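Structure first, commentary second.
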Amino acid sequence: MTLQIDVEGTRSEDQPTAHPAGPKDRSFSPVNVFSHTVLIGWSILVVVPFVWSLIASLKSTGEIFGDNPWALPKKLLWDNFSKAWDKGVGDYLGNSIVVVVFGVAGTMLFGSMVAYVLARYEFPGNRFIYYLFAAGMMFPTFLAIVPLFFVVKNFGMISTYQGLILVYIAYSLPFTVFFMHAFFRTLPTSIAEAALVDGASHATTFFRVMLPMAKPGLLSVGIFNVLGQWNQFVLPSFLSPEKPVLSQGIATLLGSQRYENDWGTLFAALTIAMVPVVVVYLIFYRQVQAGLTGATLK
Amino acid sequence: MRHGSYRFVASFLAIPLALYAIFVISPFAQAFYYSLTDWTGVSPKFKFVGFENFSTLAKDAVFRAALGHNVILLIGVPLLVIFLSLVFAYLLNVGGRSNSAGVQGVRGNGFYKLAFFLPQVLSIPVIAVIWSVVMTSTDNGLANTVTKKLGLGTSEYLASPKIALYCVMWVMVWGSVGFYLVLFNAAMSGIPKDIFEAAIIDGATRLSTFFRITLPLLWDTIQTAWVYLAIMALDAYALVAVMTAGPGGPDNSTQVMGLQIANNGFQFGRAGYASAMGVVLFFLTLLIAAVMLRATRRDRIEY
Numbered sequence: 000m001t002l003q004i005d006v007e008g009t010r011s012e013d014q015p016t017a018h019p020a021g022p023k024d025r026s027f028s029p030v031n032v033f034s035h036t037v038l039i040g041w042s043i044l045v046v047v048p049f050v051w052s053l054i055a056s057l058k059s060t061g062e063i064f065g066d067n068p069w070a071l072p073k074k075l076l077w078d079n080f081s082k083a084w085d086k087g088v089g090d091y092l093g094n095s096i097v098v099v100v101f102g103v104a105g106t107m108l109f110g111s112m113v114a115y116v117l118a119r120y121e122f123p124g125n126r127f128i129y130y131l132f133a134a135g136m137m138f139p140t141f142l143a144i145v146p147l148f149f150v151v152k153n154f155g156m157i158s159t160y161q162g163l164i165l166v167y168i169a170y171s172l173p174f175t176v177f178f179m180h181a182f183f184r185t186l187p188t189s190i191a192e193a194a195l196v197d198g199a200s201h202a203t204t205f206f207r208v209m210l211p212m213a214k215p216g217l218l219s220v221g222i223f224n225v226l227g228q229w230n231q232f233v234l235p236s237f238l239s240p241e242k243p244v245l246s247q248g249i250a251t252l253l254g255s256q257r258y259e260n261d262w263g264t265l266f267a268a269l270t271i272a273m274v275p276v277v278v279v280y281l282i283f284y285r286q287v288q289a290g291l292t293g294a295t296l297k
Numbered sequence: 000m001r002h003g004s005y006r007f008v009a010s011f012l013a014i015p016l017a018l019y020a021i022f023v024i025s026p027f028a029q030a031f032y033y034s035l036t037d038w039t040g041v042s043p044k045f046k047f048v049g050f051e052n053f054s055t056l057a058k059d060a061v062f063r064a065a066l067g068h069n070v071i072l073l074i075g076v077p078l079l080v081i082f083l084s085l086v087f088a089y090l091l092n093v094g095g096r097s098n099s100a101g102v103q104g105v106r107g108n109g110f111y112k113l114a115f116f117l118p119q120v121l122s123i124p125v126i127a128v129i130w131s132v133v134m135t136s137t138d139n140g141l142a143n144t145v146t147k148k149l150g151l152g153t154s155e156y157l158a159s160p161k162i163a164l165y166c167v168m169w170v171m172v173w174g175s176v177g178f179y180l181v182l183f184n185a186a187m188s189g190i191p192k193d194i195f196e197a198a199i200i201d202g203a204t205r206l207s208t209f210f211r212i213t214l215p216l217l218w219d220t221i222q223t224a225w226v227y228l229a230i231m232a233l234d235a236y237a238l239v240a241v242m243t244a245g246p247g248g249p250d251n252s253t254q255v256m257g258l259q260i261a262n263n264g265f266q267f268g269r270a271g272y273a274s275a276m277g278v279v280l281f282f283l284t285l286l287i288a289a290v291m292l293r294a295t296r297r298d299r300i301e302y
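This is the structure in structure tokens:
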């Protein structure tokens, strides 16, 4: 939470020193009060459901749906977490980690290779391949989902890591190529040329010179892909029914816990799913916001 | 081009292009082909039926309901999200005190952005589960205890066929506002402050600076946001699949096209028919993107 105060400091804390505050500056105008009321109102609407869920993960079902669902738990039921873990949350978490680690690594490697070649080399078909990838951003996944299932099935890769990883890579390529293509275009050509003149091969030039220069771009798309693949729900629910990833597992647990009427365990599972992402978000929130929104506008 | 670079280009493109062709292009192409067949998805045999699937679709009451719901989302979600996030972004930028130093952003700007953006980093099932519990239809549901306290009475939320779709819409809006707020906020801080100050010195009110300065200068960003939100509203599968009874219920009141494609393709053994729905979805997406980008085209203003 210190980060956010830093950012803020530059904007509003400077103000009184820059402009010696007259009595007028200290008073709150109606516009200012109105702004804060509206903004705080929405903050509550956003944050409270999450905080409530965190607290509910330590409650019993009776307390969650009791007369006062807002009351704090009488006894902290840490047991909910071990129950959630035994319900498969541990496996789901592991599956998600494996798929996202390899999926994002593959996406970034292949995506930047394609983008680099398209941005820096002229060859017949260059524009065609570029538009082929760019078009992939517009297609709704649901158009492809039924045939895609059978493609993956024919490879014998339903409910396997490699199936999900390859599909994640393929579906993340359009955006990654599109974004990195624009990024490589902005880098100076002279350094790569110098490396080539010095006798470096094209591949060495790419891995040793161009990729390190492209770090800021890689970071933005990387964050975008990590979050996108971590939160992916549609693709795994059809392609990996037997080996669920975390987001899928949560959806399945909603059904089973509703049936068993054991809601504390469900919220413990939700907490396990939320906390790592929220912690990463709080640490890197500026990069995350800049990465996600900047990526959209490119 | 230097000697040997063709081989280099080919070696870099081979694997990614193969992956893309197998898992993205071929399924899309197949979907168009299967949409003209009576393929069940199970048997290897199927026959070509021309446009029969599409004429059946036109008469399919459930699909038409689903399409209608997607259209409601398509209109409602972008309007609400863009309105709310523009207002919030504007308040963040100029809602602070105004004095001799000019117009200020509000204090706590960073905190608000941090909080509003939060739903964006969590997966849809997580959000859907939380909200389906918040909107429990009994009297002591979370939302109901609050509305009762405020004297607004209680609601059945997702259990009521009349408002279930709007509950889904609300969760979509709730989850997206933060993202577009940050997007608009970045675009707004790119507008030089002296434009606002000049306008205010000339006697413009804050409201008129919003409509006369901010809005026109943000037009490009709003347009992009609209297309993204429209595509999201055409999907809506994940929220509906997790949140609603059935899913798609009660009484098909929250059916959407994605759910229909999944049901027909994977459960009812009508893969050809499901592909036809996918094709309809594709042309709708294309149409909306084209219309939005054309109809709202304006001259770009550089500053």
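So the protein lines, in turn, are chains A and B.
Reminder that position 275 of the first sequence reads as 274 in numbering that gives the first Met the number 0, one-by-one numbering, no gaps.
Reminder that position 112 of the second sequence reads as 111 in numbering that gives the first Met the number 0, one-by-one numbering, no gaps.
We treat Cβ as the ideally placed atom computed from N, Cα and C, and that holds for glycine.
Being a predicted model, the structure only gives us computed values, none of them experimental.
Going by beta carbons, tryptophan 69 (chain A) and valine 132 (chain B) fall outside the 9 Å limit. Exclusion of the five residues before and after aspartate 234 (chain B) leaves Gly257 as the residues of its chain whose Cβ lies within less than 7 Å of its Cβ.
Assigned with DSSP and collapsed to three states, threonine 106 (chain A) falls in helix.
Contact of isoleucine 190 (chain A) with chain B by beta-carbon distance below 9 Å is absent, the smallest such distance being about 16 Å. Contact between the region 14 to 32 of chain B and the region 271 to 280 of chain B is present: three or more C-beta pairs spanning the two stretches fall below 8 Å. From the beta-carbon of asparagine 153 (chain A), no residue of chain B is found nearer than 7 Å; the closest lies around 10 Å away.
Counting only runs of at least 4 residues, the region 59 to 112 of chain A fully encloses the following alpha helix (DSSP H) elements, listed from N- to C-terminal order: 60 to 63, 78 to 83. Closest in C-alpha terms to serine 52 (chain A), from the list A:Asp197, A:Leu117, A:Val100, A:Leu269, comes A:Leu269. The CB of valine 113 (chain A) comes closer than 8 Å to the CB of Phe11, Leu12, Pro15, Leu16 in chain B, given here in chain order.
The DSSP-derived three-state label of phenylalanine 122 (chain A) is coil.
With contacts defined by Cβ atoms closer than 9 Å, methionine 112 (chain A) and leucine 12 (chain B) form a contacting pair. In the assembly as shown, isoleucine 200 (chain B) is an exposed residue. Its beta-carbon has fewer than 16 other beta-carbons within 10 Å. Around the beta carbon of valine 239 (chain B), a 10 Å sphere encloses 16 or more other beta carbons of the protein chains shown; the residue is thus reported as buried.
For the pair proline 173 (chain A) and alanine 134 (chain A), the Cα-to-Cα distance works out to about 8 Å.
Per DSSP, reduced to three states, the secondary structure at threonine 36 (chain B) is strand.
Proline 48 (chain A) places its beta carbon less than 9 Å from that of leucine 141 (chain B).
Taken through DSSP and simplified to helix, strand or coil, phenylalanine 237 (chain A) comes out as helix.
Following the DSSP letters along the chain, one finds serine 188 (chain B) inside the alpha helix (DSSP H) bounded by residues 163 to 188. Of all residues in the region 203 to 216 of chain B, only Arg205 come within less than 8 Å of chain A when Cβ atoms are compared, listed by chain position. Closer than 9 Å to the CB of leucine 90 (chain B) there is at least one CB belonging to chain A. In the three-state DSSP reduction, phenylalanine 283 (chain A) falls in the coil class, being neither helix nor strand. Under the three-pair Cβ rule at 8 Å, the region 98 to 115 of chain A counts as touching the region 159 to 166 of chain A. Among the bridge pairs identified by DSSP, phenylalanine 47 (chain B) is matched with B:Thr36. Measuring C-alpha to C-alpha distances from asparagine 251 (chain B) to each of B:Asp59, B:Asp37, B:Ile14, B:Phe7 identifies B:Asp59 as the nearest.
Between valine 276 (chain A) and chain B, the shortest Cβ-Cβ separation is below 9 Å.
Rounded to the nearest angstrom, the gap between the Cα atoms of valine 151 (chain A) and leucine 245 (chain A) is 21 Å. At a cut-off of 9 Å between C-beta atoms, methionine 171 (chain B) does not count as an interface residue with respect to chain A. In terms of Cα proximity to tyrosine 129 (chain A), the closest of A:Leu147, A:Pro139, A:Gly110, A:Phe232 is A:Gly110. In this structure, the beta-carbon distance from proline 139 (chain A) to serine 25 (chain B) does not fall below 9 Å. Look at threonine 253 (chain B) here: in three-state DSSP terms it is coil, with no helix or strand label. In this structure arginine 207 (chain A) is exposed. Its beta-carbon is surrounded by fewer than 16 other beta-carbon atoms within 10 angstroms. Look at tryptophan 84 (chain A): its C-beta is not under 9 Å from any C-beta on chain B. Separation of the CB atoms of alanine 237 (chain B) and isoleucine 162 (chain B) is rounded to 20 Å, and the pair is thereby denied contact status at 8 Å. About 11 Å separates the beta carbon of serine 236 (chain A) from that of serine 158 (chain A), a gap too long to meet the 8 Å contact definition.
Fewer than three beta-carbon pairs drawn from the region 76 to 84 of chain A and the region 284 to 294 of chain A are found closer than 8 Å, and the two stretches are therefore not classed as touching. Within the model, the alpha-carbon separation for phenylalanine 50 (chain B) versus tryptophan 38 (chain B) is close to 13 Å.
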